[in-house]
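> Here you go, one structure.
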Amino acid sequence: MRRDFRTRIVGIFAVLIALSFTVMLLTTRQVMHSVTTQEASEDIAQEIDEFTTFAETAKDPDTGEPINNAARLLEVYLSRQAPDSGEAIAAVVDGKLVENSTAPRPLSAEGPLVTDVLASPAPSGGFDDNAHGEVQWGKVSITAGSEDATLIVARFLEEDRAIVGANLRLITLIAFGSALIAIIIAWIVAGRLINPVRQVGREAQDLSLVKPGSTLETTGHPDADALATTFNTMLTRVDATDEAHRGVMRRTVHQLETAGSSANGKAHTLDALRTLQDLPVGRRIPPATPATLDHLYTRIRTAVRDEIGAQVSFSSKNIEDLNVELSPDLIVLAARHVARSAHIRSGEAIVAMRMEFVDGELTIDAADSAGVIEAEHLPAFFEWDPDPLAIEALSDQPHLSHAIIRIVADIHGGHAWVESEPELGTRIGVTIPAPLTYPDDEEHVEE
7 MRRDFRTRIV GIFAVLIALS FTVMLLTTRQ VMHSVTTQEA SEDIAQEIDE FTTFAETAKD
67 PDTGEPINNA ARLLEVYLSR QAPDSGEAIA AVVDGKLVEN STAPRPLSAE GPLVTDVLAS
127 PAPSGGFDDN AHGEVQWGKV SITAGSEDAT LIVARFLEED RAIVGANLRL ITLIAFGSAL
187 IAIIIAWIVA GRLINPVRQV GREAQDLSLV KPGSTLETTG HPDADALATT FNTMLTRVDA
247 TDEAHRGVMR RTVHQLETAG SSANGKAHTL DALRTLQDLP VGRRIPPATP ATLDHLYTRI
307 RTAVRDEIGA QVSFSSKNIE DLNVELSPDL IVLAARHVAR SAHIRSGEAI VAMRMEFVDG
367 ELTIDAADSA GVIEAEHLPA FFEWDPDPLA IEALSDQPHL SHAIIRIVAD IHGGHAWVES
427 EPELGTRIGV TIPAPLTYPD DEEHVEE
C-alpha cells in the first residue's frame, strides 16, 4: 500500500536528521579523541622539559652538591613528582625500573610497553595492547657519571577515553531527543501544510460531477480556499467546454436535419464539420504571431470573395500601418463564416464587410439588408444552449458557421455578436483583443 504524502515527507526528514546526527557524532568523537591525544602529548613534552631543566642544575638534597650519579639524579627527581591521574613516570637504570605512577597497571622492565619504548629510536610515540590499552609516551636518555639512564613518561588514555565515551553517550541522548522532537514538529507542520489539499480532496470526492456547475465550497482556511478557487476555475472551464461541445452537437444535428435547403447545403455542412474537428473549444492561448492589419485585410477580402463571389463590398477603419499580435489564420476563418452567414440571409443582395481597429480591439463584421430578426431570437445565433423555439425560428441560418465564429472569439478571449434593426438590417461580427506590436521589437513581420 502506497504511503501517504505526509508520511513520506516526515520519513525523508527523519532520514536526513539521522544522517546529519550520525556525521556529527562521528566527527565529534574523532575531534574529542584527537584532543585527548594532543593534551597527553603536550603533558608528556612538558614533563620531559621539566626533567631536562632539573638535570642541568640538580643538587643532592642531602649534601648540597651537584648530582653526578644517574641513579641518584632520577631518584631525587621521582621523589619530587606527583603524577597526574593515569600518568606514569619511570626511570630505567642498568635494566632496573623505578616507577612513580598513578597508572591503572604498574609497569615492568621486561613488559611490552617498556621494552617497546626503550627499543624505539623516536623520542615519543604511542602504544596499544590488551594489557595496557592505549598509551602515549615520551622518553629522554641521560648520562651522569659513568651511568646511563632513561626517563620514561607514559600517559594511559583509558580514563580519558572513558570520559569521551560518557560525553558521546550524553550527546547521543540529547541528539536523539532533539531528533524525536524535530520529527514530531515536522509531523505536525506537514499535517498543517497538507491539510488544505486533504480538505479539497475530501470535498472533491463528494462532488457530483454529473451536475454541471458543481463547485467546491470554501471553508475559511486561506490555503484551502485558494486551492478550492483554483479547482473551481478548472471546473468552470470544464463545464464551459462541455457546454460548448454540446452546443456544437445541437447545431450540427439541427443543420443536418435541414441540410437539404440551399442555406444549409450538404457541402457547406461538411466543410463546417471539417473545420470544427480541428478547432479547440474554450479559452485558449492562440498561436499568435505579429501581423500587419493591411495585409490581414487583403487576406480577408480574398478569402471572402472566394467564399461568396463578387456580392460583397469592403471598408476599413484605423488599420493603416498597424501591427498587432493575433492568429491570422483563425481571424480569416472567422471572417469567412461571418460573410457566409450574411450572404445566406441576404440572398442576391450585396453584403457589406467592415474591418476596424479601436482601442486595442479588432472588429470584423458583415451587414445584410434582409428582413429584421426578432430580438428574442438573436441570442440563438451564438448561445450554446439557446431556446429551442428560437433555433426553430432560425432554421434557415448556418448554425455551424455561427459555432465557428463563437469558438474563434472564445479562443482569443473576445466575443461574437449580432444586431438587427429595421432601418439598418442585420449585422453579425466578431470582436477580439489585438495587442499592438512595434517593428523594432519584432524579429519579423508576417508577409
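Numbering of the sequence shown is given in the working numbering, commencing with residue 7 and proceeding in unit increments. Ideal placement from N, C-alpha and C gives every residue a C-beta, glycine not left out. Quick caveat, the model's predicted, so the values are computed rather than measured.
Quick check on the burial criterion: 16 or more other C-beta atoms within 10 angstroms. Buried or exposed for residue 299?
So residue 299 ends up on the buried side.
> Would you kindly work out how many angstroms separate the C-alpha atoms of residue 33 and residue 162, rounded to a whole number?
Near 23 Å, if we compare the C-alpha coordinates of residue 162 and residue 33.
> Could you check which residue in 21, 41, 99, 302 has the C-alpha nearest to that of residue 326?
The candidate whose alpha carbon is nearest that of residue 326 is 302.
> What residues in its chain sit with their C-beta under 6 Å from that of residue 120, if we drop five residues either side in the sequence?
Same-chain partners within the cutoff: 113.
> Pull up the DSSP beta-bridge partners for residue 393, would you.
None, per the DSSP bridge assignment.
> Identify, in the order they occur along the chain, each residue of the same chain with its Cβ nearer than 6 Å to the Cβ of residue 314, setting aside the five sequence neighbours on each side.
Contacts found: 345, 349.
> Are at least three pairs of beta-carbons, each pair with one atom in the region 396–415 and one in the region 250–258, less than 8 Å apart?
Taking 8 Å as the limit for Cβ pairs, the verdict is that the region 250–258 does touch the region 396–415.
> Alpha carbons only, please: which of 364, 178, 13 is nearest the one belonging to residue 441?
Answer by Cα proximity: 364.
> Across which residues does DSSP place residue 139 in a beta bridge pair?
Paired residue(s): 135.
> So does the region 61–76 actually touch the region 144–152, counting three or more Cβ pairs closer than 8 Å?
The region 61–76, when compared against the region 144–152, does touch it at the 8 Å Cβ threshold.
> Is it right to say residue 169 is buried, meaning 16 or more other beta carbons lie within 10 angstroms of its own, or is it exposed?
Burial call: exposed.
> Quick check: the Cα distance between residue 360 and residue 241, rounded to an integer number of angstroms?
Their Cα atoms are separated by approximately 37 Å.
> Taking the continuous beta strand (DSSP E) assigned at residue 17, which residues delimit it?
Residue 17 -> not in any beta strand (DSSP E); alpha helix (DSSP H) instead, spanning 11–63.
> How close, in whole Å, do the beta carbons of residue 378 and residue 342 come, if the pair is a contact with beta carbons under 8 Å?
Their Cβ separation, rounded to whole angstroms, is 25 Å, which puts residue 378 and residue 342 out of contact at 8 Å.
> Thinking residue 65 and residue 56 are a contact (beta carbons under 8 Å), I'd like their distance in whole angstroms, please.
Not really, about 16 Å apart at Cβ, beyond 8 Å.
> Can you give me the Cβ contacts of residue 7 inside the same chain, cut-off strictly under 8 Å, excluding the 5 residues immediately before and after it?
Residue placement at residue 7 is poorly supported in this model, since its pLDDT is 36, which falls under 50; the coordinates still yield a value, given next. So no residue of the chain qualifies.
> For residue 362, report the span of its alpha helix (DSSP H) as first-last.
Per DSSP, residue 362 belongs to no alpha helix (DSSP H); it is in the beta strand (DSSP E), 357–364.
> Assess, as a yes-or-no matter, whether the region 188–202 is touched by the region 121–140 under the definition of 3 or more beta carbon pairs within less than 8 Å.
No, the region 121–140 is not in contact with the region 188–202.
> Less than 8 Å separating the beta-carbons of residue 424 and residue 437?
No, they are not a contact pair.
> Using 10 angstroms around the beta-carbon of residue 400, count the other beta-carbons present and answer buried if the total reaches 16, otherwise exposed.
Buried, since its Cβ has 16 or more Cβ neighbours within 10 Å.
> Would you call the region 229–237 and the region 387–400 touching, i.e. three or more CB-CB distances under 8 Å?
Cβ pair count under 8 Å is below three, so no.
> With residue 410 and residue 339 assumed to form a contact (beta carbons below 8 Å), what rounded beta-carbon distance in angstroms separates them?
7 Å between Cβ atoms; contact.
> Tell me the DSSP secondary structure of residue 329 in three-state form.
Residue 329: strand per DSSP, three-state reduction.
> Does the ligand NAP have a heavy atom nearer than 7 Å to the CB of residue 430?
In the structure shown, the ligand NAP is absent, as is every other ligand, since no ligand is present at all.
> Tell me which residue opens and which closes the alpha helix (DSSP H) that residue 1 is part of.
The question about residue 1 has no answer here: the residues shown for the chain are numbered 7 through 453.
> Taking the continuous beta strand (DSSP E) assigned at residue 220, which residues delimit it?
Note, residue 220: premise wrong, no beta strand (DSSP E); not H, not E.
> Assign residue 347 to one of three DSSP states: helix, strand, or coil.
Of the three classes helix, strand and coil, the one that applies to residue 347 here is helix, per DSSP.
> Straight-line CA distance for residue 96 to residue 53?
In a straight line, the C-alpha of residue 96 is about 12 Å away from that of residue 53.
> Taking the alpha helix (DSSP H) that residue 125 belongs to, which residues open and close that run?
Element bounds for residue 125: 118–125.
> So if DSSP puts residue 425 in a beta bridge, which residue, or which two residues, is it bridged to?
Note: residue 425 sits in a beta bridge opposite 433.
> Counting along the chain, where does the alpha helix (DSSP H) carrying residue 84 start and finish?
First-last of the alpha helix (DSSP H) with residue 84: 76–85.
> Give me whichever residues DSSP pairs with residue 439 in a beta bridge.
Answer is 367.
> Measuring only the C-alpha atoms, how far is residue 268 from residue 275?
Note that residue 268 scores a pLDDT of 46, beneath 50, so its modelled location is shaky and nothing firm can be said.
> Work out the CA separation of residue 156 and residue 125 for me, nearest whole Å.
The alpha-carbon atoms of residue 125 and residue 156 are separated by roughly 12 Å.
> Strictly by DSSP, which residues pair up with residue 296?
DSSP, once it has assigned bridges, lists 331 as partnering residue 296.
> Specify, as a first and last residue, the run of the beta strand (DSSP E) that residue 98 falls within.
Note, residue 98: beta strand (DSSP E), 93–99.
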